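**Q** Residue numbers (the working numbering): 124 to 651.
Quick one: the structure is below, questions incoming.
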């Protein structure tokens, strides 16, 4: 990548301007939207005059100018205001009003992206603090055009900024950011068995991430498929509940192609309670769902879906409310492409790669929701492999993580089998730690793990089990209460030493005469 650290450091340095006027928790409210806006401005600058001429020529003559304005801009979005960053800064006294007018002049799809940042409130706060001109002037000095910074590199920049924001707040950015080497390993495991099929002519494949964050998994999967077959048609789909990362993902996919096709398939909202791709099935799915995150906000919708049984997404069972990872896995298995007829050359089916912590493996007693979900997966013979990853791979968490590989079209050799791969020793130390991330998986290690997966042989890092080896039954053994009553001299002696027995010779009566009489009587009992 071209001077990646310098670009990240430049953007992060803008936080120095915000130090006195904004809390640390609000830095990203400024830096992320302005980074997106500056990149958009760089993209549209070349065709700005053509868009303005087209807009002025046809305004009032056509009811809908969207199509011809997209064509004039060369992208799936446009801006019909006369402003650019340069022209906005030329009028500092009216900067806030002009900037809002600039945002209002974007096409609907890009305005939706910017509104997810709650940008207008941020502009007002910056203007009031006297920072708007200073921040915009600094952003003007960086060129974020895709010719200078590719979509792939921009993805790295966005995710590194998000990591820095969350690290500064001592939060866990694992919900947003999966290290790229982990994604490449997941993609390799997902596609390794399909290399021949993907090399055929006229290949169309769909890739989906139900919690897509800033889109890293989708773009790396697409890149790998196109490396195998540059003529393949790849369609990306995703859903994201975090408004900022949704905006980052959608805005960058808007710039990836002239038609912005993939950007339209990125939808905002909760996948668990409001699945926006309900009618679709996918060839490949990847995800890194949040670890240990409650699904209480989605509880009513999830329970209603589970009540549908096998016709719903969560019919196998519900995990405990404190962790929704297995809900995302059930959802993805429900969204696998069905297998085609055996006579067809394209066998259809779907493949899933998901990275989770140890909780879905070990949590839940027999008969619990977690156990029933695992049983459902094994009995349907969907689980191909589980790869144990090295620790200290993820940012701000050193916990153990595992990649699950699942499919509804296992090869004959893998049917009824599950491969467990211990890849915990396949790592190299990083030159410089990033939070708790002190290790990385090298390209050679990724290839090595992929070969172990493809060889499907017993060995030191690879064990192969029958699916039934993971079965168990919980049996409660009950027996009648057994007591032994025997009035021996030894037991009588021990009885007299017990405090409870001695207390029998005490009286709580308040009248002294009654109390003395009662004590004498009780002494006779205990002495006998």
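Using N, Cα and C, we set each Cβ at its ideal position, and we do this for glycine too.
Note that this is a predicted model, so its numbers are computed, not measured.
Could you tell me whether the Cβ atoms of residue 504 and residue 473 are closer together than 8 Å?
**A** no
**Q** Reducing DSSP to helix, strand and coil, say where residue 505 ends up.
**A** coil
**Q** Express the C-alpha separation of residue 482 and residue 366 in angstroms, rounding to a whole number.
**A** Roughly 27 Å separates the two Cα atoms.
**Q** Going by alpha carbons, who is nearest to residue 133 out of 283, 360, 535?
**A** 283
**Q** Do the segment 414 to 425 and the segment 314 to 329 make contact, defined as three or more Cβ pairs closer than 8 Å?
**A** no
**Q** Could you check how far apart the C-beta atoms of residue 219 and residue 247 are, in whole angstroms? I think they sit under 8 Å.
**A** About 7 Å separates the two Cβ atoms, so the contact holds.
**Q** Assign residue 332 to buried or exposed, taking buried as 16 or more other Cβ atoms, counted over all protein chains shown, within 10 Å of its Cβ.
**A** buried
**Q** How about residue 378 and residue 166: do their beta carbons lie closer than 8 Å?
**A** yes
**Q** Secondary structure at residue 536, three-state DSSP: helix, strand or coil?
**A** Helix at residue 536.
**Q** Compare the C-alpha of residue 262 against each of 274, 163, 376, 240 and name the closest.
**A** 163
**Q** Under 8 Å by Cβ, that's how I've got residue 386 and residue 376 pegged, so tell me the actual separation to the nearest angstrom.
**A** 4 Å
**Q** Alpha carbon to alpha carbon, how far is residue 566 from residue 307?
**A** 9 Å
**Q** Whether or not the segment 488 to 506 and the segment 599 to 608 are in contact is what I'm after, with contact meaning three or more pairs of Cβ atoms, one per stretch, closer than 8 Å; do they touch?
**A** no
**Q** For the beta strand (DSSP E) containing residue 513, list its first residue and its last residue.
**A** Note, residue 513: premise wrong, no beta strand (DSSP E); not H, not E.
**Q** Run through DSSP, which three-state label would residue 297 get?
**A** With a pLDDT of 44 at residue 297, under the threshold of 50, the modelled position of that residue is not reliable, and the figure given next carries that caveat. Here residue 297 sits in helix by DSSP.
**Q** Given residue 390, which residues of its chain have a CB within under 6 Å of its CB, disregarding the five upstream and five downstream residues?
**A** 362, 399
**Q** With distances taken Cα to Cα, identify the nearest neighbour of residue 460 among 401, 485, 448, 425.
**A** 401
**Q** Got a sec, what are the start and stop residues for the beta strand (DSSP E) residue 556 sits in?
**A** Where residue 556 is concerned, the enclosing beta strand (DSSP E) stretches over 551 to 557.
**Q** Mind checking which residues open and close the beta strand (DSSP E) that includes residue 361?
**A** 356 to 363
**Q** Bridge partners of residue 378, per DSSP?
**A** Paired residue(s): none; residue 378 is not in a bridge.
**Q** Under DSSP, the alpha helix (DSSP H) around residue 342 begins and ends at which residues?
**A** 339 to 351
**Q** Looking at the unbroken beta strand (DSSP E) that takes in residue 569, where does it start and where does it end?
**A** Going by DSSP, residue 569 is part of no beta strand (DSSP E) but of the alpha helix (DSSP H) stretching over 566 to 578.
**Q** For residue 342, which residues in the same chain have their Cβ closer than 7 Å to its Cβ, ignoring the five residues on either side in sequence?
**A** A distance below 7 Å between beta-carbons, with the five flanking residues on each side excluded, links residue 342 to the following residues of its chain, in chain order: 274, 275, 278.
**Q** Let me make sure I understand the geometry here. Which of 204, 447, 596, 405 has the alpha-carbon closest to that of residue 414?
**A** When 204, 447, 596, 405 are compared, the shortest CA-CA separation from residue 414 is found for 447.
**Q** Report buried or exposed for residue 500, applying the criterion of at least 16 other Cβ atoms within 10 angstroms of its Cβ.
**A** Residue 500 sits buried, since 16 or more C-beta atoms from the chains shown fall within 10 Å of its C-beta.
**Q** Classify residue 418 as helix, strand or coil using the three-state DSSP reduction.
**A** coil
**Q** According to DSSP, is residue 476 helix, strand or coil?
**A** strand
**Q** What residues are listed by DSSP as bridge partners for residue 103?
**A** Outside the displayed range of the chain (124 to 651) lies residue 103, so it cannot be described from this structure.
**Q** Which two residues bound the contiguous beta strand (DSSP E) that contains residue 181?
**A** Here residue 181 belongs to no beta strand (DSSP E); instead the alpha helix (DSSP H) covers 171 to 181.
**Q** Rank 551, 330, 198 by C-alpha distance to the C-alpha of residue 381 and give the top, closest one.
**A** 198
**Q** Bridge partners for residue 408 per DSSP, in chain order?
**A** Residue 408 is bridged to 331, 475.
**Q** Would you kindly report the start and end of the unbroken alpha helix (DSSP H) that includes residue 588?
**A** Taken as a continuous stretch (DSSP letters only), residue 588 belongs to no alpha helix (DSSP H), being part of the beta strand (DSSP E) at 585 to 589.
**Q** Which one of 196, 301, 518, 243 has the shortest CA to CA distance from residue 555?
**A** 518
**Q** DSSP three-state label for residue 133, please.
**A** helix
**Q** Considering only their Cβ atoms, is the gap separating residue 326 from residue 355 smaller than 8 Å?
**A** yes
**Q** Could you tell me how far apart the beta carbons of residue 577 and residue 315 are, in whole angstroms, since I believe they sit closer than 8 Å?
**A** 5 Å
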